[in-house]
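So the sequence lines, in the order shown, correspond to chains A and B.
Last residue of the first sequence: number 330 in my numbering, and the count goes up by one each step with no gaps.
Last residue of the second sequence: number 598 in my numbering, and the count goes up by one each step with no gaps.
Glycine is no exception: its CB is placed at the ideal position from the N, C-alpha and C atoms.
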Amino acid sequence: MRLLRLISARLFGMIVTLLVISLITYAVFVLLPSDPAQLSCGRPCTPERLADARAFMGYDQPWAQQYLAFLGGIVAGRTFGSGAAAVHCAAPCFGYSFRLNDSVTHLILERIPVTFSIAIGAALLWLLIGVAAGVVSAVRRGTAIDRAAMTFSTIGVSAPSYLVGLLGILLFGFTLNMVPVNGYVPLTEDPVGWLWHLVLPWCVLALISAAVYARLTRGQMLEVLGEDYIRTARAKGLRERRVVGRHALRNVLIPVVTVFGLDLGSLLGGAVITERVFSMPGLGALLLDAVGNIDLPLIIGITLFSAFLIILANFLVDLVYGVLDPRVAR
Amino acid sequence: MTVSSTEPHLAKATRSPLLAVAGLAVSFEVDGDTHTAVHDASFEVHAGQVLALVGESGSGKSVTAMAALGLLPATARVSGSITLAGTELIGAEQGLLRDIRGGRIGTIFQEPMTALNPVFTIGDQVGEAIRAHRPSSRSAVAARVLELLSTVGLDDPARVARSYPHELSGGQLQRAMIAMAISCDPVLLIADEPTTALDVTVQAGILDLLRDLRTRLDMAVLLITHDMGVVADVADEVVVLRDGQIVEQAAAAQLFAAPRHEYTRALLRVVPTLPELRLAQPKPPETPETPPAETSAGVAPAVLLRNVVVEYPGRRRGQPVRAVNDVSLHIDQGKLVALVGESGSGKSTLGRALAGLVPVAAGTVTVTGVEVGRATRRELRTFRSRLGIVFQDPASSLNPRRTVGASIAEPLSLHTDLRPDAQRRRVDELLEAVELPTRLRDRHPYEMSGGQRQRVAIARAIALNPALLIADEPTSALDVSVQARILELLRSVQRRFGFSCLFISHDLAVVEQLADRVAVLHRGRVVEEGPATTVLRAPRHPYTARLLAAAPVADPRARSGQTSRSTSCKRRKERAAFRHERVKYSPAQSPRPERPLR
């Protein structure tokens, strides 16, 4: 019951936050000097054709009304233009890209499997590697293993993803010919091909983020291992593995989970550089294209979607937090 | 052990000892330097005996205990021998040490709140201790957990087992810790400062429990403490440690009656003691009358509280919590009033209300003529310049990145327009006033001892010649010998500068030495208020009497007549009453003369 109330309160908060974000995005959009109608009006762009294009897209209305129409579209869908040329955008309609002649909702949904495949796989990999490396470093503090792991993580933290990605393609793709260097195969069509195409992007992303997690975990672990309750656990006669793996790790994970949720949330909104390097048709690539084409409805749609993912991740983190740390459960 | 004694427990000395420490030496390598923590320590603990290792912080008492458990950090070099029933523990392999830890030796630690893992339930943690040594079925473990929790006197074991540490009180947690420690029927219980973090009335219960368990389970107890009162209460044998060396070991009665070593005598001397109790007049507890607006001398009091209520918002639209409830109090100019109470009694909240740091829900707080609740931001700022505050832990109340001089000078640069050289002179003056050499000006807090840090905190608090000093448990983080000197300093500084002082403490003995008047706070209400001598010698309110009775006294004879060692709740009251009496009769022949502070 308490949980239900918590969830409903948080959901309401999420909706309010999203409304504010959409309003700000919209305001930026209106303030921009570029005119979407101008861009799609073709050449030569006579004033009549421009006015027609404006009316068709709904840009002839005051911006507050445009915003309301946008919100209305999310709930009920909307139709641009009239007659034979009319374009219908079904609910939930987050705008219509006149550039790509498709609804933003559909465009995003199309790209989700790609981006989510990259993001979730990479995130699990880096969480596993990062936490494991951090725990080992902390427990074997000052040994060669610790120093090696920390040196490696310094390299990981400072390496840019495009460099690591390109080097990875060069080495594993071209020189060793082990994995395909670009493209995406849907999981439903060819699971092995899916996995094979994703291995390299996963490793590149994981390598970079695992470094951060290894440092975070190591620092937390060293702190927790100095706590009184660890001494108590040892004084009980527990094996060191249990002391570290149960008593310490559970406390270490609390801050790690917070960072992980936010990282995963923002990565799900599109791994822009990695998608570009590996030519993966994900959300990041879609956003890059949209920016390149000044496809404003699409930019707004993707921005909102990314914001939604981050807010959702935040919410999930809070729920997990309540499970991990009983002190915040109430 | 060469001490001869007629004490009955020493009859067992002819048997081989349970724990024998011989020639134990522990040193730590820090950055190439070798620091010796324990030097050539030898003592024995016999079955059924309570041996107290006494010393101040850094004396090596905890290190000795951790050496027995094999739990010293990797930087420690250990030599000598520790045997448990003939088994050598120094250098023993990990498997054997694991069996001994929790299996043969149970351990309880100082601060139960941090000694238990916050993310697991009590039942889980106690059960884990059982399973580590005696693999058994889930239901058997659960049943044993409940049995243990009721053994240690917890009222609703099922609820306690389901609770997380933050949901229980310090006393409940320490009982749960004890349940965990005795879960596998250990032959030896190591209790490392088991009551230091607890209120006196709770402490009395825990000490009773330890005594009771020792008899019932025939365990030996190695008690580590700095508190001579606790030693007198439970110990049979005492080993006094100083800088890693044993300076004296003797039967408790003998040690208190005739301490042989100068250090032991010094330790006993600095223990604050409670005054002799007169038989309480059977007057009904009176509610403290509303203080007069003006004292007899016609001078307005420095602090005047009228019917003050402070509330904290409750959880999730619940009822607000009344931390301070209808308190009226006054502090006359230049007087020191002590506010005494246990944790949660609202004493710190009241101190904060005085400083205008928490809003007052009802009533008025007037300090040096300013009504704190109604003052504007600007008035509050001026008012705070007339106020000094000293907190409990100087290690955290001083900024670690600033030099001591800079910390003391900060209020000067905030509230005065002294030039840098004048500020510097003032800082030197203040350092001298708190009896610190002026060369310490450029030191950082971490380069100083706890006592020195607290002196710095006092210097900072009096930098602006405050009209009122609020001292919130200023000595509870310090060793007894240091504590005595800080109290002395506080008194002399107060006389010299003539400020009024609100002294917040849980320690009645400390209060006795300092205060002109005492107010006893219980659950947010002042239950008794009056001149220190009256309140502490002839308390009228039963709660004050209970507090006084629970405070341990550094004299083992005080408990010699005690027959009942049961922990049953019903008997606690009788025992409190009994203690009340023993305090009344015995201290006249106390080995230590009552000395006023110099």
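Any beta carbon of chain B sitting closer than 8 Å to that of E223/A?
no
Note down, in chain order, each residue of its chain lying with its Cβ closer than 6 Å to the Cβ of S481/B, except the 5 sequence neighbours on either side.
V270
Could you tell me the alpha carbon to alpha carbon distance between G72/A and I254/A, rounded to whole angstroms?
40 Å
Three-state secondary structure assigned by DSSP to H261/B:
coil
Neighbourhood of V202/B by C-beta, 6 Å cutoff - its chain only, sequence neighbours within 5 removed
G171
Taking the runs of the alpha helix (DSSP H) that are 4 residues or longer, which of them lie wholly in the segment 102-155 of chain B?
112-115, 122-133 and 138-151
Is it the case that the segment 215-222 of chain B contacts the segment 247-259 of chain B, given that we only count it when at least three CB pairs across the two stretches are under 8 Å?
no
Find out if the Cβ-Cβ distance for the pair R111/A, L283/A is shorter than 8 Å.
yes
Return the residue from the list L468/B, L502/B, Q49/B and Q494/B that minimises the CA-CA distance to E237/B.
Q49/B
Express the C-alpha separation of A355/B and G121/A in angstroms, rounding to a whole number.
55 Å
Alpha-carbon spacing of Q452/B relative to V256/A, whole angstroms
39 Å
Can you list, in chain order, the residues of its chain with a C-beta nearer than 7 Å to that of L11/A? Leave out the 5 residues immediately preceding and following it.
none
Among P313/B, E473/B, R537/B and P531/B, which has the Cα closest to the Cα of D199/B?
E473/B
Output needed for G183/A: all residues of its chain with C-beta closer than 7 Å, excluding positions within five of it in sequence on either side, in chain order.
H197 and S279
Chain C within 8 Å of G103/B, Cβ atoms only
Considering every chain present, this structure includes no chain C. Its protein chains are A and B.
Where do the ends of the beta strand (DSSP E) carrying P531/B lie?
R525 to P531
Taking the alpha helix (DSSP H) that N293/A falls in, what are its first and last residues?
Unbroken run through N293/A: none, as it is neither H nor E.
The segment 34-49 of chain B: positions lying closer than 9 Å to chain A by Cβ
none
List the endpoints of the continuous alpha helix (DSSP H) containing C203/A.
P191 to L225
How about the segment 228-237 of chain B and the segment 163-180 of chain B: do they share at least three Cβ pairs that are nearer than 8 Å?
no
Residue of F260/A, L222/A, M221/A and G237/A minimising C-alpha distance to A206/A
F260/A
What does R98/B touch in chain A if you count any residue whose Cβ is under 8 Å from its own?
G237, L238 and R239
Roughly how many whole angstroms lie between the Cα atoms of T376/B and A300/B?
22 Å
Where do the N-terminal and C-terminal ends of the alpha helix (DSSP H) with H106/A fall, by residue?
V104 to V139
Identify which residue in I169/A, L166/A, F116/A and I155/A has its Cα closest to the Cα of P186/A.
F116/A
Taking Cβ positions, are L468/B and F497/B nearer each other than 8 Å?
no
Count the other C-beta atoms from every protein chain shown that fall within 10 angstroms of the C-beta of N325/B, then say buried if there are 16 or more, exposed otherwise.
buried
Just grab the DSSP bridge partners of E311/B for me.
R322/B
Go ahead and label S306/A buried or exposed: buried means 16 or more other beta carbons lie within 10 angstroms of its beta carbon, across all protein chains shown.
buried
CB of G81/A within 8 Å of CB of V75/A, strictly
no
How many Å lie between A65/B and P157/B at the Cα?
30 Å
Look up A395/B in the DSSP assignment and give the residues it is bridged to.
DSSP output for A395/B lists no bridge partner at all.
How would you call L31/A, buried or exposed, if buried means at least 16 neighbouring beta carbons within 10 angstroms?
exposed
I need the DSSP call for A22/B, collapsed to helix, strand or coil.
strand
Less than 8 Å between the beta carbons of G301/A and G95/A, yes or no?
yes
Which of helix, strand or coil DSSP assigns to T365/A:
The displayed coordinates of chain A run from 1 to 330. Any statement about residue 365/A would go beyond what the structure contains.
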